[in-house]
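Step one of this worksheet: look at the structure below.
Numbering (my numbering), first residue to last: 69 to 320.
Listed below in structure tokens is the structure:
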């Protein structure tokens, strides 16, 4: 016998019921400890902090080269020019990551509604800080010119939507009801807000513009990666909490 529970019941209550059910099930093994079910805020915090340990690196503009005259090659009566590949142009590379999310974590969770969904939906919002370090060097046919490192910080707004459709299943053979949250991560959205380049050093003109565009690109790629990682990991944590296994489609 299976019942769907109505809206408006506290999320912590269902998580607590999971813990109670698990403890009853494990009474036959007195040495084992019943699992502790974390609340949704703790799960999100844990997943975001864990994902922040995975920085995004971009060095596709770091090894720019060009052919430079390197003397002549003589083969019998034939003489040809010889070229050598050397670094040339404005080279730059970036490393970006979230900055101490455990400190910059302004957390808000509230119940919301979704079209054509009669379960419970929660909107989780938080603000984070991201930092990108850009290393640059300007080469002219192998000769290294201006170079240095600059740092940019950015504000990132994070929004997550998690839905619950709690059910309780009763059995004559088992007096302990089996609860299921049917939790699903519906949406994870990281939005880049403000970018503050803290130091540009000796750069000016077009180089500053190119470096700035690079910061924008890298920050965007960072938050896209974070969206995928947070959604995947948070869903896994919820599935593990419910004792579910979910087939993950291969990434395209």
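We put the beta carbon where it would ideally sit given N, CA and C, even for glycine.
These figures come from a predicted structure and were not determined experimentally.
* **Touch test, the segment 186-197 against the segment 224-233, Cβ-Cβ under 8 Å, three pairs minimum** => yes
* Cutoff 6 Å; reference residue 111; Cβ partners in own chain excluding five residues on either side -> Your numbering for residue 111 matches position 43 in the chain shown. Excluding residues within five positions, the ones whose Cβ falls inside 6 Å are 305.
* Going by DSSP, which residues form a beta bridge with residue 214? -> On the chain shown, position 146 is the one that residue 214 refers to. Answer is none; residue 214 lacks a bridge partner.
* To do: Tell me whether residue 142 is buried or exposed, calling it buried when 16 or more other Cβ atoms sit within 10 Å of its Cβ.
  => By 1-based counting over the chain shown, the position of residue 142 is 74. With fewer than 16 Cβ atoms within 10 Å of its Cβ, residue 142 is classed as exposed.
* **Straight-line gap, residue 170 to residue 247 (C-alpha atoms, nearest Å)** => The residue given as residue 170 occupies position 102 in the chain shown. The residue given as residue 247 occupies position 179 in the chain shown. The straight-line gap from Cα to Cα measures roughly 32 Å.
* Asked: Hey, residue 298 and residue 256 are a contact pair by Cβ (cut 8 Å); roughly how many whole angstroms apart?
  -> What you label residue 298 is simply residue 230 of the chain shown in a count that begins at 1. What you label residue 256 is simply residue 188 of the chain shown in a count that begins at 1. Rounded, the Cβ-Cβ distance is 5 Å, consistent with contact.
* Among 234, 191, 209 and 163, which residue has its Cα nearest to the Cα of residue 203? -> Stepping through the chain shown from its first residue, residue 203 is reached at position 135. The shortest C-alpha separation from residue 203 is found at 163.
* Quick one: residues in its chain with C-beta nearer than 7 Å to the C-beta of residue 115, no 5 flanking neighbours on either side, listed in chain order? => As a working note, residue 115 is residue 47 in the chain shown. These residues qualify, in order along the chain: 298, 301, 302 and 305.
* **Classification of residue 119 by the beta-carbon crowding that lies within 10 angstroms, buried from 16 upward** => Taking the first residue of the chain shown as position 1, residue 119 is located at position 51. Buried, since its Cβ has 16 or more Cβ neighbours within 10 Å.
* Asked: If you count every other CB in all the chains shown that lies within 10 Å of the CB of residue 103, and 16 or more means buried, which is it?
  -> For the purposes of this step, residue 103 is taken as the residue at position 35 of the chain shown. With a pLDDT of only 40 at residue 103, under 50, the local geometry of the prediction cannot be trusted, and the value read off the model is given with reservation. Flag for residue 103 reads exposed.
* Residue from 129, 165 and 274 whose Cα sits closest to the Cα of residue 123 -> Numbered from its first residue, the chain shown carries residue 123 at position 55. Comparing Cα-Cα distances from residue 123 to each of 129, 165 and 274, the minimum goes to 165.
* Neighbour-count burial assignment, residue 160, 16 or more Cβ in a 10 Å radius -> The residue labelled residue 160 in the question sits at position 92 within the chain shown. Buried is the call here.
* Check whether the Cβ of residue 149 sits closer than 7 Å to any heavy atom of the ligand NAP, and report yes or no. => In the structure on display, the ligand NAP does not appear, and there are no ligands present to speak of.
* Residues near residue 213 by beta carbon distance below 8 Å, same chain, minus five either side -> Taking the first residue of the chain shown as position 1, residue 213 is located at position 145. Excluding positions up to five away in sequence, the list reads 205, 206 and 207.
* To do: Going by CA-CA distance only, name the one from 282, 290 and 136 that's closest to residue 130.
  => The residue you call residue 130 lines up with position 62 of the chain shown. Per the Cα distances, 282.
* Asked: Whose C-beta lies closer than 7 Å to the C-beta of residue 284 among residues of the same chain, with five residues either side of it excluded?
  -> In the chain shown, counting from the first residue as 1, residue 284 sits at position 216. Same-chain partners within the cutoff: 263.
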